[in-house]
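Report on the structure given below.
Number of protein chains: 2
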Amino acid sequence: MYVELDGQGPRYAQLIRALKAAILDARLAAGSRLPASRTLARELDVSRNTVLAAYEQLQAEGFLLGRVGSGSYVADVGSRVSPNRRNPGQAPVAPLSPFARRALASTDGVRIPGREHAGLRYNLQYGVPLTNPALASAWRREINRAAERAEFDYPDAQGLPELRARICDYLTRRRGVDAQPEDVLVISGTQQAFALAARVLLDANDTVVLEDPHYRGARQIFLANGLRVRGVRVDADGLVPAALPPRARLAVVTPSHQFPTGALLPLARRVELLEWAAASRAWLIEDDYDGEFRFGGRPLAALKSLDRDGRVIYIGSFSKTLFPALRLGYMVLPASLRAAYRAAKWLEDRGSNTLEQAALANFMANGGFERHLRRAAQTLRARRSAMLAGLARHAGQAVEVVDSNAGMHLTAWLRTGSHADCERLAAHARERGLGLYTIAPYALKVSLRPGLLLGYAGLPSADIEAALRLFGRCLRETGLLA
Amino acid sequence: MYVELDGQGPRYAQLIRALKAAILDARLAAGSRLPASRTLARELDVSRNTVLAAYEQLQAEGFLLGRVGSGSYVADVGSRVSPNRRNPGQAPVAPLSPFARRALASTDGVRIPGREHAGLRYNLQYGVPLTNPALASAWRREINRAAERAEFDYPDAQGLPELRARICDYLTRRRGVDAQPEDVLVISGTQQAFALAARVLLDANDTVVLEDPHYRGARQIFLANGLRVRGVRVDADGLVPAALPPRARLAVVTPSHQFPTGALLPLARRVELLEWAAASRAWLIEDDYDGEFRFGGRPLAALKSLDRDGRVIYIGSFSKTLFPALRLGYMVLPASLRAAYRAAKWLEDRGSNTLEQAALANFMANGGFERHLRRAAQTLRARRSAMLAGLARHAGQAVEVVDSNAGMHLTAWLRTGSHADCERLAAHARERGLGLYTIAPYALKVSLRPGLLLGYAGLPSADIEAALRLFGRCLRETGLLA
Numbered sequence: 016m017y018v019e020l021d022g023q024g025p026r027y028a029q030l031i032r033a034l035k036a037a038i039l040d041a042r043l044a045a046g047s048r049l050p051a052s053r054t055l056a057r058e059l060d061v062s063r064n065t066v067l068a069a070y071e072q073l074q075a076e077g078f079l080l081g082r083v084g085s086g087s088y089v090a091d092v093g094s095r096v097s098p099n100r101r102n103p104g105q106a107p108v109a110p111l112s113p114f115a116r117r118a119l120a121s122t123d124g125v126r127i128p129g130r131e132h133a134g135l136r137y138n139l140q141y142g143v144p145l146t147n148p149a150l151a152s153a154w155r156r157e158i159n160r161a162a163e164r165a166e167f168d169y170p171d172a173q174g175l176p177e178l179r180a181r182i183c184d185y186l187t188r189r190r191g192v193d194a195q196p197e198d199v200l201v202i203s204g205t206q207q208a209f210a211l212a213a214r215v216l217l218d219a220n221d222t223v224v225l226e227d228p229h230y231r232g233a234r235q236i237f238l239a240n241g242l243r244v245r246g247v248r249v250d251a252d253g254l255v256p257a258a259l260p261p262r263a264r265l266a267v268v269t270p271s272h273q274f275p276t277g278a279l280l281p282l283a284r285r286v287e288l289l290e291w292a293a294a295s296r297a298w299l300i301e302d303d304y305d306g307e308f309r310f311g312g313r314p315l316a317a318l319k320s321l322d323r324d325g326r327v328i329y330i331g332s333f334s335k336t337l338f339p340a341l342r343l344g345y346m347v348l349p350a351s352l353r354a355a356y357r358a359a360k361w362l363e364d365r366g367s368n369t370l371e372q373a374a375l376a377n378f379m380a381n382g383g384f385e386r387h388l389r390r391a392a393q394t395l396r397a398r399r400s401a402m403l404a405g406l407a408r409h410a411g412q413a414v415e416v417v418d419s420n421a422g423m424h425l426t427a428w429l430r431t432g433s434h435a436d437c438e439r440l441a442a443h444a445r446e447r448g449l450g451l452y453t454i455a456p457y458a459l460k461v462s463l464r465p466g467l468l469l470g471y472a473g474l475p476s477a478d479i480e481a482a483l484r485l486f487g488r489c490l491r492e493t494g495l496l497a
Numbered sequence: 016m017y018v019e020l021d022g023q024g025p026r027y028a029q030l031i032r033a034l035k036a037a038i039l040d041a042r043l044a045a046g047s048r049l050p051a052s053r054t055l056a057r058e059l060d061v062s063r064n065t066v067l068a069a070y071e072q073l074q075a076e077g078f079l080l081g082r083v084g085s086g087s088y089v090a091d092v093g094s095r096v097s098p099n100r101r102n103p104g105q106a107p108v109a110p111l112s113p114f115a116r117r118a119l120a121s122t123d124g125v126r127i128p129g130r131e132h133a134g135l136r137y138n139l140q141y142g143v144p145l146t147n148p149a150l151a152s153a154w155r156r157e158i159n160r161a162a163e164r165a166e167f168d169y170p171d172a173q174g175l176p177e178l179r180a181r182i183c184d185y186l187t188r189r190r191g192v193d194a195q196p197e198d199v200l201v202i203s204g205t206q207q208a209f210a211l212a213a214r215v216l217l218d219a220n221d222t223v224v225l226e227d228p229h230y231r232g233a234r235q236i237f238l239a240n241g242l243r244v245r246g247v248r249v250d251a252d253g254l255v256p257a258a259l260p261p262r263a264r265l266a267v268v269t270p271s272h273q274f275p276t277g278a279l280l281p282l283a284r285r286v287e288l289l290e291w292a293a294a295s296r297a298w299l300i301e302d303d304y305d306g307e308f309r310f311g312g313r314p315l316a317a318l319k320s321l322d323r324d325g326r327v328i329y330i331g332s333f334s335k336t337l338f339p340a341l342r343l344g345y346m347v348l349p350a351s352l353r354a355a356y357r358a359a360k361w362l363e364d365r366g367s368n369t370l371e372q373a374a375l376a377n378f379m380a381n382g383g384f385e386r387h388l389r390r391a392a393q394t395l396r397a398r399r400s401a402m403l404a405g406l407a408r409h410a411g412q413a414v415e416v417v418d419s420n421a422g423m424h425l426t427a428w429l430r431t432g433s434h435a436d437c438e439r440l441a442a443h444a445r446e447r448g449l450g451l452y453t454i455a456p457y458a459l460k461v462s463l464r465p466g467l468l469l470g471y472a473g474l475p476s477a478d479i480e481a482a483l484r485l486f487g488r489c490l491r492e493t494g495l496l497a
């Protein structure tokens, strides 16, 4: 009998695996007798106990019949489970769902972070976190403290009550949002807010309105869920209310800092937006993704603060204010949606990770969070200046920079060239070790100009200068700068 | 002018809130002139600078027109946003989705953990984690170590590569599952596996087969997603293959330890199940929820080890082997499903929390995890003995205990009485401070006998004895024990 051991783990386990495979593939036919343990032990150069242990286990599992000593016979298993075939490849044995097919289509070509940064010298992509040693050590302290009092049981699916209370304090003071802890749902990042909205607020074929351009992750999950997505034009003042379609079930908006153009939606447009939503009986999701960081002008209170009839769902993220690996965000829900969202979160994942929630609640309570925000705002201000100066110096007449005075990124529109040129630029830059995002993938209709999303959170000012020098070189090398 | 400050936070912020509310509710009509700052300051007994700061902010936001000094006028905002109404109540301003209505219906009356344990003296409910000081301190150490090397950027959406590698080692050695790191998807607990399956594998109106009784969370998320759920009878050997319906898209099975009856599915039935799946082109989800803990007999390798054509999706949870607050589990996917699941996880939440993944990878690599499992198995063995002895002593002839020799709970069937009696017993026990789960909610058709799910993980042996003494008293007080 020919049996090959694979050398992984203990000998008897190797033997069990090898014999099972032979039985399942019908190389050892049903009814055939196995060699005596002594014989097989000699053949394989293993101890007899090893063979006995393997035979015993295979008998316990039903692969072998008979008793040790009086001979072991192969049970009738293999040929039925596997009539001499194996499916080594990629072909699914049953169909994938329409969701899966749409999810694959909508994320096709998306580089999933953690992989795309490899080999980059400088990364100016949006979404790279603010690297900050002070935050790292403060956060480590909070984690250690939270670990000492760790809970082991299931968390409150709605979120730790202490954390929800701290989020309310914070929103009242900083964003003018008047929320109670029972209105807050803690989620695993902003993306989950869109995934939940797709289910709780919308049914197949319902229409969702997105600003155009917009956050691509929202579009992708809505499309995967079989929803219709309509884009609404954005100008220097953000979403253009006159362009809203007559009917939709939901609009996702970024009034504090339009994503990605950075525009600030004026009050008059906010009012028009609310009127539109009331007239079409639509929900509004306000994504306040970096409303915390403004470097000039006073911040406007959140749209949610104007919401009198429970129509606005406010979402905030700690991926920008702290860091993305945290996987925590939150929603402020109208009273009418609390129960449905709580049930949905419970059914989706039973609640977000407790340890980080506890650490964050404490970080917010002891003032560490706001101290970090102040420090982060200073750092971002300096990096933003470095980026503006560097763009002026190295990108010269090639780009028009839109100065939104806020956030962690800015947009640079190409003065000449097509979208294809812009993609070519990004590809060339990547080869030279510079990470750039083009704006086109963030839009439904590419009616907008070719341009780039330039993040300045992830690099110290000196590196930003060096990165932009390289950027200038890439512009020249692709013929976009004389 | 009457304006009331709410006393929350700085004075100027209070004043801004109060004025906005008055404008939005049209108590301050569009076009009306606000009092001079000096006048209002005197009226409210605040400094003039407070009033000036508030006016300035309201002008910046567009609520007021005019310039400070020459008088401030109310902009035309309030009456349009809010024509004198407020929606204080629960009525949604737009319809909820069918998913949301079904989610609410399917979770109606579900007590969400973290709330239901309040006031209990003894908790014999299923799902209470194994309390274990050694684990707590070992885990704290791992968290501290992981926090020192914390990553800040987005995680790999599929799960930390180190953790996926450790899970593969573990499954090969302990469960006979031959998996590669690229087959593994790290998820936020088992519940997410069902939520993802509902989307990736199934479309509206597809049929899912569940063992009956089964894990309720799976049924709820499938129902919420608009799927048809069919139950299949379970006997002392687990799922009865002959009872499988001719067609279904997916079956969820618990071959190692049927949930909740504890039965171990024999090899012959495993083979029949695989044959059924091949004939109906169905996927199989193997929920190996506590396959790690067996106290007698040898463990059978996982069903997945028999899967030759990429049909079985294996799911494991760290909620049972470690603790539920961790919110981590994993799936082993056939090659044909990897890309679709990765896209789905990316679109749902961008990946699970990194810190715990890193801590867990290290805990598994340095042997701490298996050490914990060995210790936990000893503890569970002792607690299980205490429970069996206590039931024999105090519940006498009232219950028939099914001894599955595995896991963290057992089932106790009432010898007399109806399902209503069983519910009455649980309610009475709760009043006396004893937490019990009845089995009925875990079944689709309550064709099974009335019984209880008794968890023994959460209490030391002495408390189990005391809890069962109380249980005996409750049985007598409800007339179920003479």
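Going down the list, the protein sequences come from chains A and B. When the letters of the first sequence are read in order and numbered with the numbering used here, they come out as residues 16 to 497. When the letters of the second sequence are read in order and numbered with the numbering used here, they come out as residues 16 to 497. Positions of the beta carbon are idealized from the N, C-alpha and C atoms, including for glycine.
1) In chain B, what lies closer than 8 Å to glutamine 235(A) by C-beta?
2) Give the residues from the region 272 to 305 of chain A that approach chain B closer than 9 Å (Cβ to any Cβ), ordered along the chain.
3) Which chain A residues are close to isoleucine 182(B), counting only those with a beta carbon under 7 Å from its beta carbon?
4) Count the other C-beta atoms from every protein chain shown that fall within 10 angstroms of the C-beta of lysine 460(B), then say buried if there are 16 or more, exposed otherwise.
5) With C-beta atoms as the reference, is glycine 448(B) less than 9 Å away from glycine 142(B)?
6) Residues of chain A with CB under 8 Å from glycine 204(B), in chain order?
7) Could you spell out where the beta strand (DSSP E) holding serine 332(A) opens and where it closes?
8) Based on DSSP bridge pairs, tell me the residues matched to glutamate 415(A).
9) If you run the structure through DSSP and keep just helix, strand and coil, what is arginine 32(B)?
10) Between which two residues does the alpha helix (DSSP H) containing methionine 346(B) stretch?
11) Rounded to a whole number of angstroms, what is the C-alpha to C-alpha distance between aspartate 305(B) and histidine 272(B)?
12) Helix, strand or coil: how does DSSP classify aspartate 250(A) here?
13) Taking leucine 111(B) and alanine 355(A) to be in contact with their CB atoms under 8 Å, please state how far apart those CB atoms are, rounded to whole angstroms.
14) Where does asparagine 377(A) fall in DSSP's three states?
15) Expressed to the nearest angstrom, what Euclidean distance is found between the alpha-carbon atoms of arginine 262(B) and aspartate 91(A)?
16) With distance defined between alpha-carbon atoms, name the residue in Glu290(B), Ala317(B) and Pro260(B) nearest to threonine 269(B).
17) I'd like to check one pair, serine 62(B) with glutamine 74(B): are the Cβ atoms closer than 9 Å?
18) Taking alanine 239(A) as the query, report the chain B residues whose CB atoms sit under 9 Å from its CB, ordered along the chain.
19) Exposed or buried, aspartate 250(A), counting other C-beta atoms within 10 Å across all chains shown (16 or more means buried)?
20) Compare the Cα-Cα distances from tyrosine 345(A) to each of Thr336(A), Ala358(A) and Gly331(A) and report the closest residue.
21) Report all residues from its chain with a CB closer than 6 Å to the CB of phenylalanine 209(A); omit the five preceding and five following residues, and keep chain order.
22) Use the C-beta contact count for glutamine 23(B): other C-beta atoms within 10 angstroms, 16 or more gives buried, fewer gives exposed.
23) Taking histidine 424(A) as the reference, give the member of Thr431(A), Met402(A), Ala407(A) and His443(A) with the closest Cα.
24) Kindly confirm or deny that the region 372 to 391 of chain A and the region 174 to 193 of chain A touch, where touching means at least three C-beta pairs closer than 8 Å.
25) What whole-angstrom Cβ distance do alanine 410(A) and glycine 487(A) have, given they're in contact under 8 Å?
26) Could you tell me the alpha carbon to alpha carbon distance between alanine 328(B) and leucine 34(B), rounded to whole angstroms?
27) Can you find at least 3 beta carbon pairs, one from the region 208 to 225 of chain A and one from the region 240 to 255 of chain A, that sit closer than 8 Å?
28) If the criterion is Cβ atoms closer than 9 Å, does the pair glutamate 287(B) and alanine 257(B) meet it?
29) Out of Leu469(A), Gly470(A), Arg26(A) and Leu406(A), which has the shortest C-alpha to C-alpha gap to arginine 484(A)?
30) Cα separation between tyrosine 70(B) and glycine 77(B)?
31) Residues of chain A with CB closer than 8 Å to the CB of phenylalanine 338(B), please, in chain order.
32) Specify the secondary structure class of threonine 276(A) as computed by DSSP and reduced to three states.
33) So with Cβ pairs under 9 Å, would you call proline 128(A) a contact of chain B?
34) Below 6 Å CB to CB, which residues in the same chain sit around alanine 37(B) once its five sequence neighbours on both sides are set aside?
35) Excluding five sequence neighbours on each side, which residues of the same chain lie with their C-beta closer than 7 Å to the C-beta of alanine 413(A)?
36) In its own chain, which residues sit with a C-beta less than 8 Å from the C-beta of leucine 145(A), not counting the 5 before and 5 after it?
Taking the coordinates as given:
1) If you number the first sequence from 1, residue 235(A) lands on position 220. The contacting residues are Leu362.
2) Correct list: Pro281, Leu282, Ala283, Arg285, Val286, Glu287, Leu289, Glu290, Ala292, Ala293, Ser295, Arg296, Ala297 and Trp298.
3) Taking the second sequence and counting its residues from 1, the one referred to as residue 182(B) is at position 167. In chain order: nothing, as chain A lies at least about 15 Å away.
4) What you label residue 460(B) is simply residue 445 of the second sequence in a count that begins at 1. Classification of lysine 460(B): exposed, given that the 10 Å Cβ count is below 16.
5) Your numbering for residue 448(B) matches position 433 in the second sequence. Your numbering for residue 142(B) matches position 127 in the second sequence. In this structure, glycine 142(B) does not lie closer than 9 Å to glycine 448(B) by Cβ.
6) Along the second sequence, one-based indexing puts residue 204(B) at 189. By Cβ distance, chain A contributes Asp364 and Arg365.
7) Translated into the one-based positions of the first sequence, residue 332(A) becomes position 317. Run containing serine 332(A): 327 to 332, per the beta strand (DSSP E) assignment.
8) The sequence position of residue 415(A) within the first sequence is 400, counting from 1. Trp428(A), per the DSSP bridge assignment.
9) Taking the second sequence and counting its residues from 1, one reaches residue 32(B) at position 17. Of the three classes helix, strand and coil, the one that applies to arginine 32(B) here is helix, per DSSP.
10) On the second sequence, position 331 is the one that residue 346(B) refers to. Annotation: methionine 346(B) is outside any alpha helix (DSSP H); the continuous beta strand (DSSP E) that includes it extends over 344 to 347.
11) Here residue 305(B) refers to the residue found at position 290 when the second sequence is read from its first residue. Here residue 272(B) refers to the residue found at position 257 when the second sequence is read from its first residue. Rounded to the nearest angstrom, the two C-alpha atoms are 7 Å apart.
12) Reading the first sequence from its first residue, position 235 is the one you call residue 250(A). Strand at aspartate 250(A).
13) One-based indexing of the second sequence puts residue 111(B) at position 96. One-based indexing of the first sequence puts residue 355(A) at position 340. About 6 Å separates the two Cβ atoms, so the contact holds.
14) On the first sequence, residue 377(A) is found 362 positions in, with the first residue counted as 1. In the structure shown, asparagine 377(A) sits in a helix (DSSP, three-state: H, G or I).
15) Position 247 of the second sequence, counted from the start, is the residue given in the question as residue 262(B). Position 76 of the first sequence, counted from the start, is the residue given in the question as residue 91(A). The alpha-carbon atoms of arginine 262(B) and aspartate 91(A) are separated by roughly 25 Å.
16) Counting from 1 along the second sequence, the entry for residue 269(B) is found at position 254. Of the candidates Glu290(B), Ala317(B) and Pro260(B), the one whose C-alpha sits nearest the C-alpha of threonine 269(B) is Ala317(B).
17) Numbered from 1 along the second sequence, position 59 holds the residue referred to as residue 74(B). Numbered from 1 along the second sequence, position 47 holds the residue referred to as residue 62(B). Their beta carbons are not under 9 Å apart, which means glutamine 74(B) does not touch serine 62(B) by this criterion.
18) Taking the first residue of the first sequence as 1, we reach residue 239(A) at position 224. Near alanine 239(A) (Cβ distances below 9 Å), the residues of chain B are Arg214, Ala358, Ala359 and Leu362.
19) The residue given as residue 250(A) occupies position 235 in the first sequence. Flag for aspartate 250(A) reads exposed.
20) Start at 1 with the first residue of the first sequence, and residue 345(A) comes out as number 330. With distances taken between Cα atoms, tyrosine 345(A) lies closest to Gly331(A).
21) For the purposes of this step, residue 209(A) is identified with residue 194 of the first sequence, where counting begins at 1. If we look at phenylalanine 209(A) and ignore the five residues flanking it on each side, its Cβ neighbours are Ala233 and Ile236.
22) Mapped onto the second sequence, residue 23(B) falls at position 8. Burial is judged here by how many other beta carbons sit within 10 angstroms of a residue's own beta carbon; glutamine 23(B) has fewer than 16 and is exposed.
23) The residue given as residue 424(A) occupies position 409 in the first sequence. With distances taken between Cα atoms, histidine 424(A) lies closest to Met402(A).
24) yes
25) Working through the first sequence from its first residue, we reach residue 410(A) at position 395. Working through the first sequence from its first residue, we reach residue 487(A) at position 472. With a Cβ gap of about 6 Å, alanine 410(A) and glycine 487(A) count as contacting.
26) The sequence position of residue 328(B) within the second sequence is 313, counting from 1. The sequence position of residue 34(B) within the second sequence is 19, counting from 1. Residue identity check: residue 328(B) is isoleucine in the sequence provided, not alanine. Between isoleucine 328(B) and leucine 34(B), the C-alpha separation is close to 58 Å.
27) yes
28) The residue labelled residue 287(B) in the question sits at position 272 within the second sequence. The residue labelled residue 257(B) in the question sits at position 242 within the second sequence. Result yes, Cβ atoms of glutamate 287(B) and alanine 257(B) sit closer than 9 Å.
29) Stepping through the first sequence from its first residue, residue 484(A) is reached at position 469. Sorting Leu469(A), Gly470(A), Arg26(A) and Leu406(A) by C-alpha distance to the C-alpha of arginine 484(A) places Leu406(A) at the top.
30) Against the second sequence, residue 70(B) aligns to sequence position 55. Against the second sequence, residue 77(B) aligns to sequence position 62. When rounded, the distance between both Cα atoms is 10 Å.
31) For the purposes of this step, residue 338(B) is taken as the residue at position 323 of the second sequence. Under the 8 Å cutoff, chain A gives Phe167 and Asp168.
32) Against the first sequence, residue 276(A) aligns to sequence position 261. DSSP places threonine 276(A) outside both helix and strand once states are collapsed to three, so it counts as coil.
33) Residue 128(A) sits at position 113 when you count from the first residue of the first sequence. For proline 128(A), the predicted model reports a pLDDT of 49, less than 50, meaning its position is unreliable; a value from the coordinates is still stated below. True, the Cβ-Cβ gap to chain B drops below 9 Å.
34) Taking the first residue of the second sequence as 1, we reach residue 37(B) at position 22. For alanine 37(B), where only same-chain residues beyond five positions count, the Cβ hits under 6 Å are Leu43.
35) Within the first sequence, the letter at position 398 stands for residue 413(A). Apart from sequence neighbours up to five positions away, the residues of its chain that approach alanine 413(A) with a beta-carbon distance below 7 Å are Leu429, Arg430, Leu490, Leu495 and Leu496, ordered along the chain.
36) Translated into positions along the first sequence, residue 145(A) becomes position 130. Correct list, in chain order: Phe338, Ala391, Thr394, Leu395, Met423, Ala472 and Gly473.
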